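Reviewing the structure listed below.
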Amino acid sequence: MSKRYTLSHWGLYEVERDAAGVPDLAPFSRDPDPSPIGQGQLSPQMAALRITRPAVRRSWLDNAGRAPERRGLDPFVELEWDEALDLAASEIARVREQFGNRSIFGGSYGWSSAGRFHHAQSQVHRFLNAAGGYVRHVDSYSLGAANVILPHVVAPMDQLMAEHSSWDTLAAHTRLFVSFGGIPVKNSQMNAGGVGIHHTPAALRTLVDAGVRIVNIGPVGDNVGAISGQVEWIPCRPNTDTAVMLAMAQVLLSENLHDRAFLERCCTGFDRFAPYLTGESDGQPKTPAWAEQISGVPAATIARLARDMAATRSMLNVSWAMQRAEHGEQPFWMVVVLAAMMGQIGQPGGGFGVGYGAANLLGSPHIRSKGPTLPQGRNGVTDFIPVARLADMLLGPGASFTYNGETYQYPDIRLVYWAGGNPFHHHQDLNRLRRAWARPETIIVNDPWWSPAARRADIVFPATTTLERNDIGSSTLEAFIVAMRAVESPAGSARDDYDIFAGLARRLGCEADYTEGLDTMGWLQRLYAEARQINKGLGIELPEFDEFWQSGLVDMTAHDRPATMLHDFVAQPAQRPLNTPSGRIEIWSDRIAEMALADCPPHPVWLEKREWLGSAGAAQYPLHLLTDQPARKLHSQLDASPHSMSGKVEGREQVHMHPSEVEQRGLHDGQIVEIFNGRGRCLAAVCANSQIMPRVARLNTGAWYDPCPDTALDRHGNPNVLTRDIAASSLSQGCAAQSCLVEIRAWEGPLPDIEAFQLPQRQSR
Ligand SMILES: Nc1nc2c(c(=O)[nH]1)N[C@H]1C(S)=C(S)[C@@H](COP(=O)(O)OP(=O)(O)OC[C@H]3O[C@@H](n4cnc5c(=O)[nH]c(N)nc54)[C@H](O)[C@@H]3O)O[C@H]1N2
Ligand SMILES: Nc1nc2c(c(=O)[nH]1)N[C@H]1C(S)=C(S)[C@@H](COP(=O)(O)OP(=O)(O)OC[C@H]3O[C@@H](n4cnc5c(=O)[nH]c(N)nc54)[C@H](O)[C@@H]3O)O[C@H]1N2
Ligand SMILES: [Mo]
1 MSKRYTLSHW GLYEVERDAA GVPDLAPFSR DPDPSPIGQG QLSPQMAALR
51 ITRPAVRRSW LDNAGRAPER RGLDPFVELE WDEALDLAAS EIARVREQFG
101 NRSIFGGSYG WSSAGRFHHA QSQVHRFLNA AGGYVRHVDS YSLGAANVIL
151 PHVVAPMDQL MAEHSSWDTL AAHTRLFVSF GGIPVKNSQM NAGGVGIHHT
201 PAALRTLVDA GVRIVNIGPV GDNVGAISGQ VEWIPCRPNT DTAVMLAMAQ
251 VLLSENLHDR AFLERCCTGF DRFAPYLTGE SDGQPKTPAW AEQISGVPAA
301 TIARLARDMA ATRSMLNVSW AMQRAEHGEQ PFWMVVVLAA MMGQIGQPGG
351 GFGVGYGAAN LLGSPHIRSK GPTLPQGRNG VTDFIPVARL ADMLLGPGAS
401 FTYNGETYQY PDIRLVYWAG GNPFHHHQDL NRLRRAWARP ETIIVNDPWW
451 SPAARRADIV FPATTTLERN DIGSSTLEAF IVAMRAVESP AGSARDDYDI
501 FAGLARRLGC EADYTEGLDT MGWLQRLYAE ARQINKGLGI ELPEFDEFWQ
551 SGLVDMTAHD RPATMLHDFV AQPAQRPLNT PSGRIEIWSD RIAEMALADC
601 PPHPVWLEKR EWLGSAGAAQ YPLHLLTDQP ARKLHSQLDA SPHSMSGKVE
651 GREQVHMHPS EVEQRGLHDG QIVEIFNGRG RCLAAVCANS QIMPRVARLN
701 TGAWYDPCPD TALDRHGNPN VLTRDIAASS LSQGCAAQSC LVEIRAWEGP
751 LPDIEAFQLP QRQSR
C-alpha cells in the first residue's frame, strides 16, 4: 500500500499505525530538519481540551440582557446540534434584518489549520458572503506595515517573497550577509499551509561552510539558530534599525561609495533624499555618531560595516518583527534604499531580503506553483478594517480612520463570527480588547479546542481538526501537494467547519450558494482540477485526481531553480518596469507625499517613537519588551502539548533578560516574576541570557490567555496584556506589538494556579 501523509504548518508527516491501528506521525523521510512541533497534534493533553458538543453561554441563552461583560466568566450550556444551529441561524437572521450585513464582523483573522479546503477563514468568509456579506479585514498581523509600504516603493510583499533570492544563490555568490533582526531559524519551522522540506538550517550551515561572513544587528544575539555562535552580533536598541541604516547610507554618500549609475537607471528620487542624509534639509547630518546616540551601536562599527558592505557582494536582510512596530514602514523602505545605493539589487547574492528565516518559503528553491483555493464568493458589504484595528472598531463605531491615503469609517458591529483564529492570542492590549469584546450583542466561534477565544464566545461550535477530515495540502513555494486523508474519526460530536456552515446556510436559505451541491470529496476534486489546469499554464503537469489521491503526494522538486530577486527588472528597467508609479524603485514617493502623513513622510526617515528606550516613559518602565514568535509552538496552537510545556517553568513562559538586569533587580534564574506596565501585568519565569542586550526583555507569544477573574493578572505569561494597541502609522494601521516598555519585579504573593487548560464549566439544559 502506498504511504499516507498529512500536512501541517509545521511540516509533512507520514502516518503510521501500530498493530491496534492507533495512528502515529513520523517526520517526512526526505526532510533533513523536521520540526517536532507537529507531533503534538496527537497528544492526549490537546485531546483533553477538545470541545465535544455545541455550547451556549448561560446568560446569553437566558437572554436576561445577555450580560456581554460576562463573556469568559459564565458557564456554558451544552445543546444538541440542531438546537444550537437553529439558535445561531435565527440570531444571524435577526441581526441582518435589524442592522444589515454591515453590522456583522467576519474578519476572523487567524492561521487555523493547514489544508486548503477546510481553511476555516475561507469557509467563514464564503458562508457570510452567501448570507449577504460581512465586514472584512485587510492585511495581516504578520506584515501590516510591509504590505502597504512596499508596493509604493518597489513591489508587493507577495511578489518579493515569490521572487526571493534562493539560499543556493546566496551560498554561491554572497560574501557578506547583514541581517537586521537575525535569521530566526525557529520561525522557519513554519509555512502557512504547510512545509514539505525544511530548508533554512541546512542553508545556514552551507553559508558558514562557504565562508560567508554573517552579521546580526539587533537587540538579540541568539536568533540565528545553531550557527548563532559563528555570527558577529552587533547589539542595537529595538526600533532603531532605521537610524543605523540611514547612517550607513550617509557613509556611502559622503565617501562616494554609492552606485550612481544604478540610482540613475533603476530608481527615482535620490536627489530629494540625499539632502536629508547630509542634513541640508533639516540641519541634522545622519552621521554614524548621530545614529550611535539613538541605537547604541558604536559609530565606528556602523562606518566600518558600511564600507565592508560596499566592497563586496552583500545581502541585506530585515526581520518581519521590526515592521510590527511603531513606524514599521521605515526599516523596510530604508533597507530597499540602502541596497539600491549599493547597486547590487538584481545581482546574484546581492541586494535585499525581506525576512530570511521568518518562514520556510523565504529563500525556497522551489517554483511558485498554484495550489487549490476555495473561492469565497462576492461580498455584499464594502466596509473593511485593517486587521489590527479590531478593538478600535468595536469601541468606536462611526469613528474615522485612514488607510493607505484614504479615509474610512468604522461600522457599528452587532455580531462577530470567528473561525480559525484566536484574537486573545493575536491582539495587543488584551485588557482593552476585553472591553471591546463586551460590545457586540453576539459572538459565535468555531474551534476544535476550548481556546481562549472559544471560552469568550456566546455560541461555540466544535470543529474537527485537520487529522479528522479529508483535505488537500499545499503552500506557495513548497514542492509538494499532499492528499491529506483523514487519520482518525472526529472527537465527540465535532463537525467540519464546512458542515457547520452548510447547516447554518440551509437555515438561512442560502445553502445552494454555499455548497453548490458538493460534498467534501466533490469539492476536493473540483479544486484539484482547477489547480491542475492553472499549473499546466505554468508548465507543471499534475496527475489526475484519482492517481494523486492514491499516491498521497505530488512531487514538484524537478522544477527547482536558483532565483535572484528583481533580476528581470534590473536587467531591463525600461522594458520590465516595476508596478510603482514611476516604474522604478521609489526613494521618494509622490503618492505618499500627497497623503501628507506626519508619521510616514515621502522618503524613509528616523522618527521619534512613543515607547522606546529613548522616550520619557523609559524612566518608569525601563525595559523594552520584545514579544517574538514561540520556538515550541505556532502562536497559541498546541500550547498544552508536551513539547510546548517543556519550554515553560512552573507552567509559565520564560522571560529572557541580560544577567545584569536580573542581578540589578535581585532576581535569580527560574524565579517567577511579574512583568508590568500601565496596561497590564503577567507572570513569567526569569531566564538570564547574555544574548539579550541590557535594557531589553524577551517574552515569546503563545501562552493561552489566563487572567485572574478578579485582578486581570495573567498567570501564564501572555505578553499581549502588556503590548500597546496602536498602529504602526496612519498609512498602514499595521500591528505595532514590538513597541512596548515594561518593568519586572519579583512576584511576592502565593503562586496562583493556571486555569487556561482547565475546561470551562459546562451544564446541560
Ligand atoms: N505581541 C505580539 N502579538 C502578536 C505577534 C507578535 O509578534 N507579538 N504576532 C502576530 C502574528 S504575526 C500573527 S500571524 C498572529 C497569529 O494569531 P492567530 O493566527 O490568531 O493564532 P493561532 O494560535 O494560530 O490561532 C488559530 C486558532 O485556530 C484554531 N483552529 C485550528 N484549526 C482549526 C480548524 O480547523 N477550524 C477552526 N474553526 N479553528 C481551528 C486554533 O484552535 C486557534 O485557536 O499573532 C499576532 N500577535
Ligand atoms: N516556531 C514558530 N515559527 C513561526 C511562528 C510561530 O508562532 N512559531 N509564526 C509565524 C508567523 S505567523 C510569522 S508572521 C513569522 C514572524 O517572523 P518574525 O517577525 O521574523 O518573528 P519574531 O520571532 O517575532 O522576530 C524575529 C526577530 O526579530 C527580532 N526583533 C524584534 N524587534 C526588533 C527590532 O526592532 N530590531 C531588530 N533588529 N530586531 C528585532 C526579535 O528579537 C526576533 O529575534 O514567524 C512564523 N514562524
Ligand atoms: Mo504572522
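In terms of the UniProt record's numbering, the sequence shown opens at residue 1 and continues consecutively. Virtual Cβ for every residue (Gly too), placed ideally from N, Cα, C. Nothing here was measured: the structure is a model prediction, and the numbers come from that model.
- Taking C-beta atoms under 8 Å as the contact rule, Arg-57 and Asp-74 qualify, at a distance of about 5 Å.
- Rounded to the nearest whole angstrom, the C-alpha separation of Lys-3 and Tyr-13 is 10 Å.
- A residue is called buried once 16 or more other Cβ atoms fall within 10 Å of its Cβ, and Glu-653 is buried on that count.
- In this structure, His-603 and Arg-272 form a Cβ contact; the two beta carbons are roughly 7 Å apart against a cut-off of 8 Å.
- Scanning the region 421-492 for uninterrupted alpha helix (DSSP H) segments of 4 residues or longer gives 423-426, 430-437, 452-455, listed from N- to C-terminal end.
- Excluding five sequence positions before and after Thr-52, the CB atoms of its chain that fall closer than 8 Å to its own CB belong to Pro-462, Ala-491, Gly-492, Ser-493, Ala-494, given in chain order.
- Here Trp-233 carries a strand assignment [DSSP, helix/strand/coil].
- The DSSP assignment places 232-235 as complete runs of the beta strand (DSSP E) inside the region 230-286, in order along the chain (cut-off: 3 residues).
- The three-state reading of DSSP puts Val-15 in strand, counting E and B together.
- Per DSSP, the unbroken alpha helix (DSSP H) holding Arg-307 starts and ends at 299-311.
- Taking C-beta separations shorter than 6 Å and ignoring five residues to either side along the sequence, the partners of Ala-146 in its chain run Met-157, Gln-323, Phe-332, following chain order.
- Per DSSP, the unbroken beta strand (DSSP E) holding Phe-401 starts and ends at 400-403.
- Cβ-Cβ separation between Gly-473 and Leu-176: approximately 37 Å, too far for a contact (criterion under 8 Å).
- In chain order, Pro-219, Pro-235 place their CB closer than 6 Å to the CB of Met-693, counting only its own chain and leaving out the 5 sequence neighbours on each side.
- In its chain, beyond the 5 residues on either side, Pro-448 have a beta carbon closer than 6 Å to the beta carbon of Thr-465.
- Listed in chain order, the non-local C-beta contacts of Phe-676 below 7 Å within the same chain comprise Val-742, Glu-743, local neighbours out to five positions each way being set aside.
- Distances between the C-beta of Ser-142 and the heavy atoms of ligand 3 include at least one below 7 Å.
- Selection Pro-36, Val-212, Ala-55, Ser-29 evaluated against Gln-761 yields Ala-55 as nearest (Cα-Cα).
- The C-alpha of Glu-586 is placed about 30 Å away from the C-alpha of Pro-298.
- Ala-640 is the residue among Ala-325, Ala-640, Gly-670 whose C-alpha sits nearest the C-alpha of Trp-450.
- Assigned with DSSP and collapsed to three states, His-199 falls in coil, not helix or strand.
- Residue environment for Met-46: buried (at least 16 other C-beta atoms within 10 angstroms of its C-beta).
- Your pair Met-190 and Ala-359 checks out as a contact, with CB atoms roughly 6 Å apart and the cut at 8 Å.
- Sequence-distant partners of Ala-130 (beyond 5 residues in either direction) whose C-beta falls short of 7 Å from its own C-beta, in its chain, are Gly-377, Ala-505, Cys-510, Asp-513, Tyr-514.
- Contact between Ala-325 and Ser-739 is confirmed by a C-beta separation of about 5 Å, below the 8 Å threshold.
- Annotation for Pro-23: the continuous beta strand (DSSP E) segment containing it runs 23-27.
- The closest heavy atom of ligand 1 lies less than 7 Å from the beta carbon of Cys-735.
- Straight across, the Cα-Cα distance linking Pro-372 with Arg-745 is about 51 Å.
- The C-alpha of Pro-543 is placed about 10 Å away from the C-alpha of Ser-551.
- Not one heavy atom of ligand 1 sits closer than 7 Å to the Cβ of Ser-188.
- If you compare the alpha carbons of Thr-240, Gly-343, Leu-524 with that of Leu-253, the shortest gap goes to Gly-343.
- Across the set Trp-549, Gly-353, Glu-329, the C-alpha of Gly-353 shows the shortest separation from the C-alpha of Ala-340.
- In the structure shown, Pro-707 adopts extended strand secondary structure according to DSSP, grouped into three states.
- Between Ala-574 and the set Arg-260, Asp-471, Val-77, Arg-265, the nearest pair of CA atoms involves Arg-265.
- Annotation: the continuous beta strand (DSSP E) that includes Arg-762 extends over 762-764.
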